[in-house]
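J.: Each residue of the sequence shown is one higher than the last, beginning at 125 in this note's numbering.
All C-beta atoms in this analysis are idealised placements derived from N, C-alpha and C, irrespective of residue type, glycine included.
Treat the numbers as computed from the prediction; the structure is a model and nothing was measured.
The structure is given below, and queries will be raised subsequently.
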Amino acid sequence: MSGYSSERMARLVAMEIDHFWFRGRRELVLDLCARFLSPGDRVLDIGCGSGYFLGHLRQAGYRAYGLDRFLDGETHSSAGTGRILLADATQVPLRAGTFDAVLALDVLEHLDDAAVLAEVRRLLRPGGMLIVSVPATKWLWGYRDIDAHHLRRYSRRDLLNRLAGFEVHATQRYPFFLFPLVAASRILGRFGRWSRDREDTVSGPLNAVLYRITRTELVLARRFGIVWPSGSSLVAAARLPPEH
Numbered sequence: 125m126s127g128y129s130s131e132r133m134a135r136l137v138a139m140e141i142d143h144f145w146f147r148g149r150r151e152l153v154l155d156l157c158a159r160f161l162s163p164g165d166r167v168l169d170i171g172c173g174s175g176y177f178l179g180h181l182r183q184a185g186y187r188a189y190g191l192d193r194f195l196d197g198e199t200h201s202s203a204g205t206g207r208i209l210l211a212d213a214t215q216v217p218l219r220a221g222t223f224d225a226v227l228a229l230d231v232l233e234h235l236d237d238a239a240v241l242a243e244v245r246r247l248l249r250p251g252g253m254l255i256v257s258v259p260a261t262k263w264l265w266g267y268r269d270i271d272a273h274h275l276r277r278y279s280r281r282d283l284l285n286r287l288a289g290f291e292v293h294a295t296q297r298y299p300f301f302l303f304p305l306v307a308a309s310r311i312l313g314r315f316g317r318w319s320r321d322r323e324d325t326v327s328g329p330l331n332a333v334l335y336r337i338t339r340t341e342l343v344l345a346r347r348f349g350i351v352w353p354s355g356s357s358l359v360a361a362a363r364l365p366p367e368h
């Protein structure tokens, strides 16, 4: 996970555990893993940051490994297993076809996405899965993107174009129910920086309410096959063709 100051990274490490947005994204990604992966699959989490999500992947029965350009003591203590590789996502020192699945969660927007996806194709076995999340809705571009050193936000068409050569099996926008609040915060943020901390440091009771809202959204989408029409993030699951 690159592009963040040490202060911002420390905040993200804390948020990843309990913040409603991270919990919702985590459940959405784990749902996709359950749909498209098998227990025992070798899974690489590119841009794994603190390594916290690796624990959830292992609990779900996957052989999970992490990769990040920036590792420190906090990262190692959070991951706790040593299965994290310090490397650039565009030049991974592992042999081709090593993994059954690769996750790239809020990574592509920081880097040369074409180069990262080319490396993902190399690392995946034929028929392997890619699960990716990116910031969506281009008109939301603002101070949060600049602070995080994002290079771009994506439309659904943008992402599908980047995934040319993969078979895209699912896409989802997230969060939908809370999108008006997110949009209002980003618009207000153009007139001052106060809303960045407001989004990051949500009080305990409010965080619990917002999580219940996002969880309801995820349950409805899963049960009824709903693809929401808007959201600040876009998630996709795509398979590398077996003949690759």
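Going by Cα to Cα distance, which pick from F144, G266 and V137 is closest to V326?
T.: The sequence position of residue 326 within the sequence shown is 202, counting from 1. The residue with the shortest Cα to Cα distance from V326 is F144.
J.: Would you kindly work out how many angstroms separate the C-alpha atoms of G175 and R281, rounded to a whole number?
T.: Walking along the sequence shown from the start, residue 175 turns up at place 51. Walking along the sequence shown from the start, residue 281 turns up at place 157. G175 and R281 have their C-alpha atoms some 30 angstroms from each other.
J.: Just reading off the beta strand (DSSP E) that E291 is part of, what are its end residues?
T.: What you label residue 291 is simply residue 167 of the sequence shown in a count that begins at 1. First-last of the beta strand (DSSP E) with E291: E291 to Y298.
J.: State the start and end residues of the unbroken alpha helix (DSSP H) segment that holds G251.
T.: Residue mapping note: residue 251 aligns to position 127 of the sequence shown, counting from 1. From DSSP, G251 is part of no alpha helix (DSSP H) but of the beta strand (DSSP E) over L248 to P259.
J.: Could you give the first and the last residue of the continuous alpha helix (DSSP H) run that contains I270?
T.: In the sequence shown, counting from the first residue as 1, residue 270 sits at position 146. Start and end: Y267 to D271.
J.: Tell me which same chain residues have a C-beta within less than 7 angstroms of the C-beta of R276, skipping the five on either side of it?
T.: Position 152 of the sequence shown, counted from the start, is the residue given in the question as residue 276. Contacts found: E233.
J.: Based on the DSSP output, what are the partners of L191 in its beta bridges?
T.: Residue mapping note: residue 191 aligns to position 67 of the sequence shown, counting from 1. For L191, which the question treats as bridged, DSSP gives the partners I170 and L209.
J.: Measuring alpha carbon to alpha carbon, tell me which of R363, L364, G349 and R336 ends up nearest G148.
T.: Here residue 148 corresponds to residue number 24 of the sequence shown, with the count starting at 1. Minimum Cα distance to G148 is reached at R336.
J.: Report yes or no: do three or more beta-carbon pairs, one from the stretch 230-248 and one from the stretch 161-170, lie closer than 8 angstroms?
T.: With a cut-off of 8 angstroms on Cβ pairs, the stretch 230-248 is in contact with the stretch 161-170, counting three or more such pairs.
J.: Going by DSSP, name the residue or residues bridged to Q99.
T.: This structure cannot speak to residue 99, because the chain is shown only from 125 to 368.
J.: Does DSSP classify L344 as helix, strand or coil?
T.: The residue you call residue 344 lines up with position 220 of the sequence shown. Three-state DSSP puts L344 in a helix.
J.: What would DSSP say about S357, mapped onto helix, strand or coil?
T.: Along the sequence shown, one-based indexing puts residue 357 at 233. S357 falls in the strand class under three-state DSSP.
J.: DSSP beta-bridge partners for Y278?
T.: Counting from 1 along the sequence shown, the entry for residue 278 is found at position 154. The partner list for Y278 (beta bridge, DSSP) reads A260.
J.: Is it buried or exposed, V359, if we count other Cβ atoms within 10 angstroms and call 16 or more buried?
T.: Numbered from 1 along the sequence shown, position 235 holds the residue referred to as residue 359. Burial call: buried.
J.: So, for S354: in the same chain, excluding its five sequence neighbours on each side, which residues have a beta-carbon less than 8 angstroms away from its beta-carbon?
T.: Here residue 354 refers to the residue found at position 230 when the sequence shown is read from its first residue. For S354, where only same-chain residues beyond five positions count, the Cβ hits under 8 angstroms are T261, R297, F300 and F303.
J.: Have a look at Q183, C172 and R182 and flag the residue whose alpha-carbon is nearest the alpha-carbon of F194.
T.: What you label residue 194 is simply residue 70 of the sequence shown in a count that begins at 1. Nearest of Q183, C172 and R182 to F194, Cα basis: C172.
J.: Considering only their Cβ atoms, is the gap separating A225 from G251 smaller than 8 angstroms?
T.: The residue you call residue 251 lines up with position 127 of the sequence shown. The residue you call residue 225 lines up with position 101 of the sequence shown. Taking the C-beta atoms as reference points, A225 is found no nearer than 8 angstroms to G251.
J.: Touch check for the stretch 263-273 and the stretch 303-315: three-plus C-beta pairs under 8 angstroms?
T.: yes
J.: Taking the straight line between their C-alpha atoms, what separation do you get for D142 and F160?
T.: Position 18 of the sequence shown, counting from 1, holds the residue named residue 142. Position 36 of the sequence shown, counting from 1, holds the residue named residue 160. Cα to Cα, the separation comes out at about 26 angstroms.
J.: Taking C-beta to C-beta, are A361 and A294 nearer than 8 angstroms?
T.: Within the sequence shown, numbered from 1, the residue matching residue 361 stands at position 237. Within the sequence shown, numbered from 1, the residue matching residue 294 stands at position 170. Judged by beta-carbon spacing, A294 lies within the 8 angstroms limit of A361, meaning their Cβ atoms are closer than that value.
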